[in-house]
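The structure under discussion appears below in the form of structure tokens.
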Amino acid sequence: MKLRTRLCDLLGIEYPILQGGMAWVSTAELAAAVSEAGGLGIIGSGHAPTEWLEEQIKKAKGLTNKPFGVNVMLMSPFVEQNMQLIIRERVPVVTTGAGNPGKFIPGLKEVGSKVIPVIPSVALAQRMAKAGVDAVIAEGGESGGHIGELSTMPLVPQVVDAVDIPVIAAGGFFDGRGLVAALALGAQGIQMGTRFMCATECVIHDNVKQLLVKAKDRETVVTGRTTGHPVRIIRNKLAKQFEEKERQGASVEELEKMGVGRLRMAMVEGDVQEGSVMAGQICGMIKRIEPAAEIIKDIVTGAEQVIGRLSKGEF
């Protein structure tokens, strides 16, 4: 059986698996490895300057001739320059977060780039579909990093019913069982971030990888709800400080100041106590560090086995 959906045809990939574009995590090395394995690797640009992103795009092109993407955080101070770069480089796929990519869509479409925003609600999915995007990523609160209010299970089918473009499910996916569940909900594929953090090709600090390998099922907490921008991270000293500050009624400005530079502190410098280790609820399922190709193979093989059992009535 060939596990292929119309998302694969849309993006020119072998398997309906996207690797999340995580800032300080998803560099060219990881993105290229995922794309080489048949999924869609995505470079996470975050708040990085255009010079860095250009280097990453060129490096990815040197490592793979298969499609890859760039995730653009639309609140980045470099968003205009980064989008111009992406258009010049004709990056095959652009995923977006934290804003409306509407004004960039014509330029991206002109060079053949597929535009896929991450959305947390039905209303935003419908707005993006009207704006002319190619697909949407419906991301539930189980995911790591910045999250919305809805969890994946109720969000995905509602978005699927509301739009006529492909829907990619994100938040809480780890293996083939999750992929089949997403397909059953009507999604055309999944986006997965946390498991790829423990890919061999991921350049984050080994302290973070070891923390994820040792993580249990209740290891993550949501911080910053009072700011209106909640973030899921691994419970550590920083998380406890945030929780205490929020209980004391700290201002949004004070809480936001606490978070500045914390993601880099974890992912690059390896401080997993004072740094922000953004990770999803599936972290308790990670047991080892392995090549991206093995991760893709495990997901695809597992999905095929599940579909085979279900087709035989073996529940």
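Under UniProt numbering, the residue at position 33 of the sequence shown is numbered 33, and the numbers go up by one with no gaps.
No residue lacks a Cβ here, since even glycine has one placed at the ideal position from N, Cα and C.
Decide if residue i is buried, meaning its Cβ has at least 16 other Cβ atoms within 10 Å, or exposed.
i    : result
L53  : buried
H301 : The sequence given here places Thr at residue 301; His does not occur at that position. Exposed, since its Cβ has fewer than 16 Cβ neighbours within 10 Å.
E29  : buried
S311 : exposed
N82  : buried
D161 : exposed
R262 : buried
K130 : exposed
A184 : exposed
P166 : buried
W133 : Before going on, a small fix: residue 133 reads as Val here, not Trp. Its Cβ being crowded by 16 or more others within 10 Å, V133 is buried.
Q191 : buried
Please name the residue in the options whose C-alpha comes closest to that of residue i.
i    : options                : result
A187 : E139, V213, E201, H229 : E139
F78  : V268, S45, K61         : S45
M285 : L255, V213, I234       : V213
T249 : R235, R264, T226       : In the sequence on display, residue 249 carries Gly and not Thr. That would be T226, whose Cα lies nearest to the Cα of G249.
V70  : V25, G38, R309         : V25
M258 : G275, D164, E314       : G275
L211 : A279, A23, D9, G107    : A279
G193 : D206, D164, H146, V306 : H146
G270 : I87, I105, V203        : V203
I87  : T95, L108, T64         : L108
Is residue j closer than 8 Å to residue i when the C-beta atoms are compared?
i           : j    : result
V252        : A266 : no
T50         : G189 : no
M128        : V136 : yes
K61         : E36  : no
G38         : I13  : yes
I234        : I17  : no
F68         : G41  : yes
I119        : R195 : no
L150        : G141 : yes
G21         : I43  : yes
V93         : A125 : no
V231        : T223 : yes
V272        : V208 : yes
residue 317 : L255 : For the chain, the structure presents residues 1 to 315; residue 317 sits outside this window and is missing.
contact_flag[the region 66-81, the region 96-107] where n(CB pairs < 8 Å) is 3 or more
The region 66-81 and the region 96-107 touch, with no fewer than 3 CB-CB distances between them shorter than 8 Å.
Are there three or more Cβ pairs, one per stretch, closer than 8 Å when the region 175-195 is compared with the region 239-249?
The region 175-195 is not in contact with the region 239-249.
Which whole runs of the beta strand (DSSP E) in the region 232-267 are 3 residues long or more, in chain order?
Counting only runs of 3 or more, we get nothing.
4-residue-minimum alpha helix (DSSP H) runs that sit fully inside the region 126-198, ordered along the chain:
Whole alpha helix (DSSP H) segments, 4+ residues: 152-162, 176-184.
In chain order, what are the residue ranges of uninterrupted alpha helix (DSSP H) at least 4 long that sit wholly in the region 76-121?
If we require 4 residues or more, the alpha helix (DSSP H) runs fully inside the region 76-121 come out as 79-89, 105-110.
Quick one: complete alpha helix (DSSP H) runs, 4+ long, within the region 258-313?
Within the region 258-313, the complete alpha helix (DSSP H) runs of at least 4 residues are 262-267, 292-311.
Please give me, in chain order, every unbroken run of the alpha helix (DSSP H) with length at least 4 that falls completely inside the region 19-64.
Counting only unbroken stretches of 4 or more residues, the alpha helix (DSSP H) elements lying wholly within the region 19-64 are 28-36, 50-63, in sequence order.
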